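Remarks on the structure that follows.
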Amino acid sequence: MKPCNRDVKGGEIARAPRIRLRAWVRALLCAIALLLPVAAHAVVEIDITQGSLQPVPVAIPVFGGASLHAPKLSAGIAGVVIADLESSGLFKLVDPAAYIERIVNLSQAPRFADWRTINAQALVVGRISREPSGRLKAEFRLWDVFTGKQLTGQQFFTQERNWRRVGHLIADAVYERLTGEKGYFDTRIVYVDETGPKNARIKRLAIMDQDGRNLRMLTRGRALVLTPRFSPTTQEITYLSYADGRPRVYLLNIETGQKEIVGDFPNMTFAPRFSPDGRNIIMSLQQGGNANIYMMDLNSRQTSRLTNTPAIDTAPSFSPDGKRIVFESDRSGNQQLYVMNADGTGQKRISFGDGRYSTPVWSPRGDLIAFTKQLGSQFLIGVVKPDGSGERVLTEGFHNEGPTWAPNGRVLMFFRESPGAAGGPNLYTIDLTGYNERHIATPAFGSDPAWSPLIN
Amino acid sequence: MRRGLIVSVTLHLLILLSAVVAFSFDSEPLPPKPTLLPVDLVTPAQFTKIKAGQRTAKAEQDNARKKSEAAKKKAARKRKSSKRKSVKAPARKPTPEKAQNSPKKIKKIVKKPKPKPRKVAARPKTVVAKRKKFDADRIAALLNKTPDAGTRMPAGQEKKKKPAPAKGRAVGRDRTMTFNEIDALRAKISQCWNPPVGGLGADAIKVKLRMQLSPDGSLSREPEVVNRAGSPYFQAAADAAVRAVMLCQPYRLPARKYALWRDMILNFDPREMFGG
């Protein structure tokens, strides 16, 4: 070390260039030599490979708002946000009784120490006010309690009757920021409402918010309805109806109530479903004892045949990129899942487990295919990767059926039939972990749910 | 000019070479440390204790012990050194004096009484017997000491060992964190880490975090995310990792190894949680 210092000091600027150069060389070498031991003293590096899967504690005080005519809205909107976030199973509300700070001013940073004390990790604060035009203005901020940073903040303007939607939108924003994936709370469910005795059920198409609120009937129940499916791009649904005693595929505009028959085929049609671009419908058509998969262009009403086997091929579902189709077929002797290209080529079986696989649905994010599986006396809802690997059962029971994906591909809704004379179908959701199963309350029995895309 | 150019090129090459050499050494020294094995063999009970997290208890115990030991050792050393001065040859006089001075300084400035006082006070058995409880670090240190005591290392050699820690640089076993210490830290952070799960490819997202600590085990500054990626999944994962580290503080780590744990890198990798 000492010679180094000396040389550096000795590197006089006034000396000849060569000497100066030499001095610099030594200085540099010394610097390198000095750096070496520092570098050799390695920083301790620790791998954390296990975490706890606990719901994130979130504090959501009642939204403020001084000039509010309907103070119930403040609590109401906060209540919607809380219910949405808790239903995901990923968040837990910190007991409001424990809140120390009362948020008054939204533009001021909260006292984070107060929120840390009660073990909140995220804080959602909001304010509701009314615009001079009469519209509702809702603002919120999401704070990281530990770093004291605002993670997100938005404001919405809407009619007062849409206040629940505002709650869903805020919940979506919070969910998206904290989990990294899109929310699914501002969505709707269309399903088959079932009333009356078991042998004479009246089945009507119904639509509601994903949390079971704002229920509305879409059909009157004079004809049997089955398998409603949402258009991925428009506010339309396609479904099967037995009006006039014959099953036909219908298109229904939810907003206008306009209804039309998609195609009047000479034979039975089943399981219609939209393509991801909303321009085509795929379905199966029965011909004698067989059924094959067809695609229909909604503009030209031209159909093209995709499968041609002496078996029952049905329940087709597009991959989100529109390039492949999953369907069920009994061509091997019992119902199994198959994947093919969108033009019908390259058909390949992907399910090989015990039992019978049916009603496959491709996840909106493309990574999984949900299915119903009958194994012995049990009906299971499971997921499998599109190549057939990684099959997992999410829920099982007496009779589970008809899975449908939330638009973020993380939660499934399905219906479960309860046994007995008084039994009937009810709607449930389950997430991909298989642990967060919830019943969706409906006024009557409900079956065949279909989850809408996010409402924009 | 040409010479200048040559020299410049050579210098650049040298710097590059040295950087490569230094970095490649940098990544290697930690993993192969077979000398750490005894710690695992000796202290399963202590290991679980650390995992259970007796933070306050341990701290109080440590403080109390440090104080009482320091007092005892001071007394013992005074006695010893005075004895030595009278018995030993004059040539060895400077050694015990230096040996006395350096630990005192360390105690005052760096608060690291454990290693050095033990070495000096190892001979008077009474001091060792006073220790109250099982402590993984202490056991390891005692095991370390066994050959020293047996071979009766001359005072001159002891002197060589001591100055290094006095400068704040860890030596010997203190150069690395033991498996126990790393495991305890890992277990603690794992309890606070709540990674966002279920997202597409979320299990493959790794977050590298730099954690800088004060001597009292609290964060000296906000954890810094070292790696970057633009996706919202990464953003959520990085936030969760930062929250975990902030939530878990303060960290109880051996004070004498502060040089090692004052600045650490944490790799948050949730793959194993998903069976990957």
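Line order of the protein sequences matches chains A and B. If you're matching positions, the first sequence starts at 7 in the numbering used here and goes up one per residue. If you're matching positions, the second sequence starts at -5 in the numbering used here and goes up one per residue. For every residue, glycine included, the Cβ atom is placed at its ideal position computed from N, Cα and C. It should be emphasised that the depicted structure is a prediction, and the values quoted were computed from it without experimental measurement.
Which of helix, strand or coil DSSP assigns to residue i
i                            : result
phenylalanine 152 of chain A : coil
glutamine 185 of chain B     : helix
glutamine 264 of chain A     : coil
lysine 188 of chain A        : coil
glycine 132 of chain A       : strand
asparagine 432 of chain A    : strand
tyrosine 245 of chain A      : strand
alanine 115 of chain B       : Its pLDDT being 39, under 50, alanine 115 of chain B is placed unreliably in this model, and the coordinates cannot settle the point.
threonine 4 of chain B       : helix
methionine 346 of chain A    : strand
isoleucine 259 of chain B    : strand
aspartate 197 of chain B     : helix
asparagine 125 of chain A    : coil
arginine 250 of chain B      : helix
glutamine 206 of chain B     : strand
methionine 419 of chain A    : strand
tyrosine 441 of chain A      : coil
glutamate 266 of chain B     : helix
methionine 301 of chain A    : strand
isoleucine 102 of chain A    : Here the sequence assigns proline to residue 102 of chain A, which means isoleucine is not the residue at that position. Helix at proline 102 of chain A.
phenylalanine 228 of chain B : helix
glutamate 1 of chain A       : This structure cannot settle anything about residue 1 of chain A, because the visible part of chain A is limited to 7 through 462.
When the options are compared against residue i, the one with the closest alpha-carbon
i                        : options                                   : result
leucine 112 of chain A   : A:Gly415, A:Asp393, A:Tyr181 and A:Val68  : A:Val68
glutamine 243 of chain B : B:Ser208, B:Phe262 and B:Ala253           : B:Ser208
threonine 275 of chain A : A:Lys265, A:Leu257, A:Leu246 and A:Thr262 : A:Leu246
leucine 96 of chain A    : B:Leu260, B:Ala234, B:Ser2 and B:Phe228   : B:Ala234
proline 226 of chain B   : A:Ala179, A:Gly263 and A:Arg285           : A:Ala179
leucine 203 of chain B   : B:Asn188, B:Arg222 and B:Leu7             : B:Arg222
proline 264 of chain B   : B:Arg180, B:Ala13, B:Asp197 and B:Lys182  : B:Asp197
glutamine 56 of chain A  : B:Ala178, B:Leu5, B:Leu8 and B:Thr172     : B:Ala178
leucine 211 of chain A   : A:Pro234, A:Ala29, A:Gln341 and A:Asn205  : A:Pro234
glutamate 216 of chain B : B:Gln229, B:Met240 and B:Ala230           : B:Met240
glutamate 266 of chain B : A:Ile243, A:Val50, A:Ser58 and A:Val49    : A:Ser58
proline 248 of chain B   : B:Thr170, B:Leu8 and B:Val236             : B:Thr170
aspartate 336 of chain A : A:Gly284, A:Ile243, A:Arg279 and A:Asn314 : A:Asn314
serine 383 of chain A    : A:Asn205, A:Asn406, A:Thr244 and A:Glu266 : A:Asn406
Local Cβ density within 10 Å of residue i, reported as buried at 16 or more and exposed below that
i                            : result
glutamate 145 of chain A     : buried
methionine 223 of chain A    : exposed
arginine -4 of chain B       : exposed
proline 370 of chain A       : buried
asparagine 298 of chain A    : buried
asparagine 174 of chain B    : buried
glycine 452 of chain A       : buried
lysine 182 of chain B        : buried
phenylalanine 404 of chain A : exposed
proline 425 of chain A       : exposed
leucine -1 of chain B        : exposed
glutamate 218 of chain B     : exposed
threonine 410 of chain A     : buried
leucine 7 of chain B         : exposed
aspartate 250 of chain A     : exposed
valine 110 of chain A        : exposed
glutamate 266 of chain A     : exposed
aspartate 90 of chain A      : buried
Supposed close pair residue i, residue j - CB separation, criterion 8 Å
i                         : j                            : result
aspartate 166 of chain A  : glycine 430 of chain A       : The residue asked about is misnamed: residue 166 of chain A is glutamate in this sequence, not aspartate. Their Cβ separation, rounded to whole angstroms, is 36 Å, which puts glutamate 166 of chain A and glycine 430 of chain A out of contact at 8 Å.
leucine 260 of chain B    : isoleucine 52 of chain A     : 5 Å
valine 196 of chain A     : phenylalanine 162 of chain A : At roughly 25 Å, the Cβ-Cβ gap does not stay under 8 Å, so valine 196 of chain A and phenylalanine 162 of chain A are not in contact.
arginine 170 of chain A   : aspartate 215 of chain A     : 7 Å
tyrosine 190 of chain A   : proline 413 of chain A       : 5 Å
glycine 132 of chain A    : isoleucine 176 of chain A    : 7 Å
leucine 418 of chain A    : isoleucine 446 of chain A    : Incorrect: roughly 12 Å between the Cβ atoms, too far for contact.
tryptophan 457 of chain A : threonine 193 of chain A     : 6 Å
glycine 361 of chain A    : leucine 400 of chain A       : Contact flag wrong, Cβ pair sits at about 15 Å.
proline 434 of chain A    : glutamate 443 of chain A     : One detail in the question is off: residue 434 of chain A reads as tyrosine in this sequence, not proline. At roughly 6 Å, the Cβ-Cβ gap stays under 8 Å, so tyrosine 434 of chain A and glutamate 443 of chain A are in contact.
alanine 464 of chain A    : isoleucine 331 of chain A    : Residue 464 of chain A is absent from the model: chain A starts at 7 and stops at 462.
Proximal chain E residues relative to residue i, where beta-carbon distance stays under 8 Å
i                            : result
phenylalanine 173 of chain B : No chain E is present in this structure, whose protein chains are A and B.
Inspect the CB distances between the stretch 133 to 153 of chain A and the stretch 375 to 388 of chain A and report whether three or more fall short of 8 Å. Segments in contact, no.
Counting Cβ pairs, one atom from each stretch, are 3 or more of them under 8 Å apart for the stretch 186 to 194 of chain B and the stretch 183 to 195 of chain A? The stretch 186 to 194 of chain B, when compared against the stretch 183 to 195 of chain A, does touch it at the 8 Å Cβ threshold.
Under 8 Å: do the stretch 289 to 301 of chain A and the stretch 321 to 331 of chain A share three or more Cβ pairs, one atom per stretch? The stretch 289 to 301 of chain A, when compared against the stretch 321 to 331 of chain A, does touch it at the 8 Å Cβ threshold.
Touch check for the stretch 76 to 86 of chain A and the stretch 56 to 65 of chain A: three-plus C-beta pairs under 8 Å? No, the stretch 76 to 86 of chain A is not in contact with the stretch 56 to 65 of chain A.
Using a Cβ distance threshold of 8 Å, determine whether the stretch 239 to 258 of chain A contacts the stretch 118 to 129 of chain A, with at least three qualifying pairs required. No: the two stretches stay apart, fewer than three of their Cβ pairs being nearer than 8 Å.
Do the stretch 344 to 362 of chain A and the stretch 381 to 397 of chain A touch if we need at least three Cβ pairs shorter than 8 Å? Contact between the stretch 344 to 362 of chain A and the stretch 381 to 397 of chain A is present, because at least three Cβ pairs lie under 8 Å.
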